[in-house]
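Have a look at the structure below, then the notes.
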Amino acid sequence: MNIKEELSSKRLILRPLREDDFAAVHSWSSIPDNVRFMDWGPNREENTREFIRSAKPGYDFAVTLKSTGQVIGSCGIYPKQKETAEVGWILHRDYWQQAFGSELARALVDYGFRDLKLHRITSTCDAANYGSYRVMEHAGMRREAVQLLARWNRVDEKWADQY
């Protein structure tokens, strides 16, 4: 296993989260529409600070633009059981529909298989979150099941299906 603290792709650098990322992280984690399909948020300042403080190098990353260094999101690869992990991501809504999600997800999946020597990598999303599902497909993942009423949607206050 080769744990890396920084990953890169064509337009992005995935690097450890730092305390000075607070303003950028809070800018997307505190917007209700931006976290609509997440199982957390919208964040208060203390939630965002704790998220950054608890980030694990090599597993949790700030998503930055290679051209400017601007933090536009965060992502991670989270070990589950023997040789398996789950990947997840969030981008500020200003960067949706520009293929940044697909690019970072592909980098995470490649890192997981190549460097962490994982056997299986999964991800889940609310079935209504079509953008996130497309990111998974672009990263080489495929839908194996629809889990009926498996996730609580905080915004709609009802149970929702997930992929």
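Numbers -19 to 143, taken from the numbering used here, label the letters of the sequence shown in order. Positions of the beta carbon are idealized from the N, C-alpha and C atoms, including for glycine. All values reported here derive from a predicted model rather than from experimental measurement.
Same chain, Cβ closer than 6 Å to residue i, neighbours up to 5 away in sequence not counted
i        : result
ALA130   : GLN142
MET(-19) : LEU96 and LYS97
Alpha helix (DSSP H) segment containing residue i, residue limits
i      : result
TYR110 : 110 to 118
GLU30  : 25 to 34
SER54  : Element bounds for SER54: not the alpha helix (DSSP H) but the beta strand (DSSP E), 51 to 59.
PHE17  : Run containing PHE17: none; DSSP gives neither H nor E here.
Contact set for residue i: own chain, Cβ-Cβ below 7 Å, skip 5 residues either direction
i      : result
SER82  : VAL115, HIS118 and ALA119
SER103 : GLU66, VAL67, GLY68, MET116 and MET121
Cβ shell of residue i (< 8 Å), same chain only, five flanking positions each side left out
i        : result
VAL89    : VAL67, ILE101, ALA119, GLY120 and MET121
LYS(-16) : GLY38, TYR91 and ASP95
Where the beta strand (DSSP E) containing residue i begins and where it ends
i        : result
ILE(-17) : Taken as a continuous stretch (DSSP letters only), ILE(-17) belongs to no beta strand (DSSP E), as it is neither H nor E.
GLU66    : 64 to 71
LEU84    : Here LEU84 belongs to no beta strand (DSSP E); instead the alpha helix (DSSP H) covers 80 to 94.
Straight-line Cα distance separating residue j from residue i
i     : j      : result
ILE32 : ASP0   : 9 Å
ASP19 : ASP106 : 10 Å
THR28 : HIS6   : 6 Å
ILE52 : TYR110 : 20 Å
ARG73 : VAL126 : 26 Å
PHE2  : SER112 : 24 Å
Exposure of residue i, with buried meaning 16 or more beta-carbon neighbours within 10 Å
i        : result
PRO22    : buried
LEU128   : exposed
ALA99    : Looking at the sequence itself, residue 99 is His, so the reference to Ala does not match. HIS99 should be labelled exposed.
ASP136   : exposed
GLY49    : exposed
TYR91    : buried
SER(-12) : exposed
TRP132   : exposed
TRP139   : exposed
Cutoff 7 Å: residue i Cβ touching any chain D Cβ
i      : result
SER112 : Within the model displayed, chain D is absent; a lone protein chain is all it includes.
Cβ contact (3+ pairs, closer than 8 Å) linking the segment 60 to 67 and the segment 12 to 30: Because the criterion of three Cβ pairs below 8 Å is not met, the segment 60 to 67 and the segment 12 to 30 do not touch.
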